[in-house]
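Everything on this sheet refers to the single structure shown next.
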Amino acid sequence: IRDYSDSIPKPMIPLGHQPILRHVMQWYSEYGHDEFILCLGYKANVIKDFFLNTRPQTFSDCVVTQGGRDVKLLGDTPKDWSITLLDTGIWRNIGERLWAARDHVRNEKMFLANYSDGLTNVDLDDVIAKFEASGKIGCFLAVRAPLTYHLADIAEDGRVREFRTTDTSEIWINGGYFVFRPEIFDYMRDGEELVLEPFKRLIDDNMLMAYKHEGFWRSMDTLRDWQSLEDMVEKGDMPWNRKVTAEKIKRSMVMAAS
67 IRDYSDSIPK PMIPLGHQPI LRHVMQWYSE YGHDEFILCL GYKANVIKDF
117 FLNTRPQTFS DCVVTQGGRD VKLLGDTPKD WSITLLDTGI WRNIGERLWA
167 ARDHVRNEKM FLANYSDGLT NVDLDDVIAK FEASGKIGCF LAVRAPLTYH
217 LADIAEDGRV REFRTTDTSE IWINGGYFVF RPEIFDYMRD GEELVLEPFK
267 RLIDDNMLMA YKHEGFWRSM DTLRDWQSLE DMVEKGDMPW NRKVTAEKIK
317 RSMVMAAS
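For the sequence shown, our numbering begins at 67 and goes up steadily by one.
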């Protein structure tokens, strides 16, 4: 996604009229989670400017009078989010960014974490319930790998013996959505990547679980991914947005009844 990545951080790449980061935050908010800690790195100022200067009417229908001095929102009033903007440095990996935020979540029973570059319709309430019942320290969303590879069987002399398509749909991958207890920080060391050494220690202690999700999940890693998600937003097909999905189902029921 080079056209955007040179000027803005990946979570700020727009989908429709708002960045993917806000889509992710809205998804959490729909489940009642309205306190956010944003671990900023590359182009941190872009994210800071967005949240410091964005007004409620930016994402709501509204009536503007008195030359813009009076604004009346139409429909639901946006939720009041608490957003901590934490500058964790440009060259930090995911584990280091999480480590930098440890003092902000140490007193929580558990906390949620996210790469902020993917969307899903997984039932977050069920994820949390399963995690709580497990007694584990860490949980990640496991999704099917949405890839197909063309594999070549090549002889030493360069002769191609076979060329075949390999379906990776049976492979489970990390979907970038997590639930942790604060004890996760006991498994982390300075400079380590989250899903490597810390996860290995969790696995060794049988303290890591995966929540398998067969439903919608899409990561925005390539231009094609972005175009696909952008098309979905333009068509109003947003399975990660519970409100939009509910309205779509309601319209379908009305049409079926008419």
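We treat Cβ as the ideally placed atom computed from N, Cα and C, and that holds for glycine.
Because the structure is a prediction, the values reported are computed rather than measured.
_Simplified DSSP state of residue 101, which is helix, strand or coil_ = strand
*If you count every other CB in all the chains shown that lies within 10 Å of the CB of residue 157, and 16 or more means buried, which is it?*
Exposed, by the Cβ-count rule.
_Where residue 198 sits in the DSSP three-state scheme_ = helix
*The alpha helix (DSSP H) spanning residue 113 covers which residue range?*
110-119
*Check whether residue 177 and residue 112 have beta carbons under 9 Å apart*: no
*Span of the beta strand (DSSP E) holding residue 153?*
148-153
*Can you give, in chain order, each stretch of the beta strand (DSSP E) that sits fully within the region 163-238 and has at least 3 residues?*
DSSP runs (the beta strand (DSSP E)) wholly in the region 163-238: 177-180, 184-186, 204-210, 214-220, 226-233.
*Whose CA, out of 199, 148, 89, 107, lies closest to the CA of residue 118?*
148
*Straight-line Cα distance separating residue 224 from residue 285*: 35 Å
_Spatial neighbours of residue 305 in its chain, beta-carbon cut-off 7 Å, leaving aside the 5 residues before and after_ = 187, 282, 311
_Applying the 10 Å Cβ sphere with the 16-neighbour rule, what's the burial state of residue 190?_
buried
*Report the residue from 195, 84, 75 whose alpha carbon sits nearest the alpha carbon of residue 104.*
75
*For residue 309, which three-state DSSP category applies?*
helix
*What is the DSSP secondary structure of residue 283, counted as helix, strand or coil?*
strand
_Cutoff 6 Å; reference residue 259; Cβ partners in own chain excluding five residues on either side_ = Answer for residue 259: 159, 161, listed in chain order.
*Could you tell me the boundaries of the alpha helix (DSSP H) in which residue 91 lies?*
86-96
*asked:* Closer than 8 Å is the cut-off here; do at least three beta carbon pairs connect the region 203-215 with the region 248-268?
replied: Contact between the region 203-215 and the region 248-268 is present, because at least three Cβ pairs lie under 8 Å.
*In angstroms, rounded to a whole number, what distance separates the CA positions of residue 151 and residue 114?*
Rounded to the nearest angstrom, the two C-alpha atoms are 7 Å apart.
*Of the residues 291, 290, 78, 276, which one's Cα is nearest the Cα of residue 196?*
Of the listed residues, the one whose Cα sits closest to residue 196 is 276.
*By a C-beta neighbour count over all protein chains shown, 10 Å radius and 16 as the cutoff for buried, is residue 237 buried or exposed?*
exposed
*asked:* In chain order, what are the residue ranges of uninterrupted alpha helix (DSSP H) at least 4 long that sit wholly in the region 251-284?
replied: 263-270
_Just to confirm before moving on: does the CB-CB distance between residue 82 and residue 296 stay below 9 Å?_
yes
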